[in-house]
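To start, the structure itself, in structure tokens.
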Amino acid sequence: MRQPPDDVSTTAPWELSDDKLLAQCRFEAFVGSGPGGQKRQKTNAAVRYTHLPTGIHAVAADSRSQRENRIHALRNLRHKLAIEMPRRDIDPLTFQPPPWLAQYPRLHMSPKNLLYPSAVALVLDLLKAMHWSVPRTAVMLGLTTTALVRFLHDDPHLWEHVNRTLAGLGIGPLRWR
Numbered sequence: 060m061r062q063p064p065d066d067v068s069t070t071a072p073w074e075l076s077d078d079k080l081l082a083q084c085r086f087e088a089f090v091g092s093g094p095g096g097q098k099r100q101k102t103n104a105a106v107r108y109t110h111l112p113t114g115i116h117a118v119a120a121d122s123r124s125q126r127e128n129r130i131h132a133l134r135n136l137r138h139k140l141a142i143e144m145p146r147r148d149i150d151p152l153t154f155q156p157p158p159w160l161a162q163y164p165r166l167h168m169s170p171k172n173l174l175y176p177s178a179v180a181l182v183l184d185l186l187k188a189m190h191w192s193v194p195r196t197a198v199m200l201g202l203t204t205t206a207l208v209r210f211l212h213d214d215p216h217l218w219e220h221v222n223r224t225l226a227g228l229g230i231g232p233l234r235w236r
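Next comes the structure, spelled out in structure tokens:
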């Protein structure tokens, strides 16, 4: 399991170790519904984690294994926290991309990557700092506009969140090809 060093008081929840994040969550197991046969409908394999400080929750019920669903639900929770939590303030004049970002040219990164929620949060924080200007944000990250739009587009939840925010500001939606 993920165990980076962290200080709960200054670390974003999606960057906490599994143990520290789980300490902030309520766990629920329940009977899943849908296809999967008798086994799925008789076992408490579906999982829900609720982050108590924010009320943000994530569910996983795709597997008949509660262990697998716990892993997926925790990954989904980190992702939702990175998207839905209030944005951190970044000063564009002093911003320096984090060193780990250099390992991912054009932000090609799997959602299963441990740093993926941090990348999502960084992009959203920087978009806010740059007044939701995608081209200016791309420059700050050392990316092309196309690479940044691709990163946003490849994550349906992130894409929807950004376009919903843009609409709320009276800005037209992003488009992909």
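First residue of the sequence shown? That's 60 in this note's numbering, and the numbers climb one at a time after it.
We put the CB at the ideal spot given by N, CA and C, even for glycine.
Could you tell me whether the Cβ atoms of residue i and residue j are closer together than 9 angstroms?
i, j, result
"residue 181", "residue 197", "no"
"residue 104", "residue 123", "yes"
"residue 116", "residue 83", "no"
"residue 90", "residue 107", "no"
"residue 166", "residue 210", "yes"
"residue 217", "residue 179", "yes"
"residue 215", "residue 225", "no"
"residue 188", "residue 150", "yes"
"residue 186", "residue 156", "no"
Can you tell me whether residue i is buried or exposed? The criterion is at least 16 other CB atoms within 10 Å of its CB, across all chains shown.
i, result
"residue 193", "buried"
"residue 72", "buried"
"residue 172", "exposed"
"residue 241", "Residue numbering for the chain in the displayed model covers 60 to 236; residue 241 lies beyond these limits and cannot be assessed."
"residue 129", "buried"
"residue 223", "exposed"
"residue 234", "exposed"
"residue 74", "buried"
With H, G and I counted as helix, E and B as strand and the rest as coil, what does DSSP make of residue i?
i, result
"residue 85", "strand"
"residue 205", "helix"
"residue 104", "coil"
"residue 118", "strand"
"residue 109", "strand"
"residue 67", "Its pLDDT being 45, under 50, residue 67 is placed unreliably in this model, and the value from its coordinates should be taken loosely. Residue 67: coil per DSSP, three-state reduction."
"residue 192", "coil"
"residue 176", "helix"
"residue 219", "helix"
"residue 199", "helix"
"residue 90", "coil"
"residue 154", "coil"
Can you round the beta-carbon distance between residue i and residue j to whole angstroms, since I take them to be within the 8 angstroms contact cut?
i, j, result
"residue 147", "residue 184", "5 angstroms"
"residue 140", "residue 176", "7 angstroms"
"residue 228", "residue 191", "6 angstroms"
"residue 269", "residue 133", "A question about residue 269 goes unanswered here, because the residues of the chain that appear run from 60 up to 236."
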